[in-house]
Amino acid sequence: MRYPPVPEHDGRMATVSRHVDAAPTAVWDVLADGFTYSQWVVSTATVRAVDAAWPAAGAKLHHSQGTWPVTLDDEAVVEVSKPASRLVLLAKGRPLGSARVELDLRSEDGGTRVTMSETPVSGPGKWVHNPVSEALLRHRNTEALNRLAAVVERRTAPQ
Numbered sequence: 071m072r073y074p075p076v077p078e079h080d081g082r083m084a085t086v087s088r089h090v091d092a093a094p095t096a097v098w099d100v101l102a103d104g105f106t107y108s109q110w111v112v113s114t115a116t117v118r119a120v121d122a123a124w125p126a127a128g129a130k131l132h133h134s135q136g137t138w139p140v141t142l143d144d145e146a147v148v149e150v151s152k153p154a155s156r157l158v159l160l161a162k163g164r165p166l167g168s169a170r171v172e173l174d175l176r177s178e179d180g181g182t183r184v185t186m187s188e189t190p191v192s193g194p195g196k197w198v199h200n201p202v203s204e205a206l207l208r209h210r211n212t213e214a215l216n217r218l219a220a221v222v223e224r225r226t227a228p229q
């Protein structure tokens with residue numbers, strides 16, 4: 071029996087995108103406030119500390135994942151920071167390994183198009199790639215962008 075060839079995959083998983091009704095600078099303001107991450111990053115229970123230099127390259131955000139009594143302490147490190155344009159993080163998420171998370175912002179129709187891409191770089195998340203894991207990540211990251219949009223739009227709504 072001949073099996074079909076395995077489709078090529080560049081390792082990037084779960085690229086999702088959505089429009090946010092706010093300027094790129096307003097979206098960036100939320101990304102630049104590390105303490106908001108538990109409001110929009112799915113599975114982040116708390117943010118324990120944020121380096122004073124956040125979101126400069128090399129700065130760290132210390133967070134916990136999970137639900138009490140089972141929580142894991144991890145961190146995200148900024149790899150690239152271009153205000154109101156691009157943020158790239160190396161997110162550690164034990165026990166699944168680390169992932170590179172890219173957030174790209176561009177002006178669109180009076181607001182911002184936010185694109186989020188996640189690439190596993192170590193651990194089981196990198197070893198296992200299949201349509202099910204990709205669909206789960208896409209679903210999680212879609213929810214993250216929906217939450218991010220809600221935080222941004224709540225901050226910019228007329229009072």
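Going by this note's numbering, the sequence shown opens with residue 71, and the numbers climb by one from there.
All residues carry an ideal CB built from backbone N, CA and C; glycine is no exception.
Item: Quick one: residues in its chain with C-beta nearer than 6 Å to the C-beta of Val100, no 5 flanking neighbours on either side, listed in chain order?; Value: Thr106, Val221, Val222
Item: Please identify the residue among His89, Ala161, Leu166 whose C-alpha is closest to the C-alpha of Glu178.; Value: His89
Item: Have a look at Lys196, Arg183, Trp124 and flag the residue whose alpha-carbon is nearest the alpha-carbon of Leu215.; Value: Arg183
Item: Rounded to whole angstroms, what is the Cα-Cα separation between Val191 and Trp197?; Value: 9 Å
Item: Across the region 136-148 and the region 160-172, are there enough close Cβ pairs to call them in contact, namely three or more that are closer than 8 Å?; Value: yes
Item: Could you give the uninterrupted runs of the alpha helix (DSSP H) lying entirely in the region 187-220, keeping only those of 4 residues or more?; Value: 194-197
Item: In angstroms with no decimal places, state the Cα-to-Cα distance between Leu175 and Thr226.; Value: 17 Å
Item: Less than 7 Å between C-beta atoms, sequence neighbours within five positions excluded: which residues of the same chain meet that for Thr114?; Value: Tyr107, Ser108, His133, Gln135
Item: Excluding sequence positions up to five away, which residues of its chain have a Cβ less than 6 Å from the Cβ of Thr212?; Value: Val86
Item: Could you spell out the range, first to last residue, of the beta strand (DSSP E) harbouring Pro174?; Value: For the sequence presented, residue 174 should be read as Asp rather than Pro. Asp174 -> beta strand (DSSP E) spans 168-178.
Item: Distance, Cα to Cα, Arg156 vs Leu173?; Value: 6 Å
Item: So is Gly195 buried or exposed if we call it buried at 16+ other beta carbons inside 10 Å?; Value: buried
Item: Is DSSP giving Glu78 helix, strand or coil here?; Value: Annotation note: pLDDT 40 at Glu78 (below 50); position unreliable, no value reported.
Item: Report the rounded CA-to-CA distance for Ala126 versus Trp138, giving the unit in angstroms.; Value: 31 Å
Item: Report all residues from its chain with a CB closer than 8 Å to the CB of Gly181; omit the five preceding and five following residues, and keep chain order.; Value: His89, Val90, Asp91, Ala92, Ala93
Item: If I'm right that Val148 touches Ala129 with Cβ under 8 Å, what's the distance once you round it to whole angstroms?; Value: 5 Å
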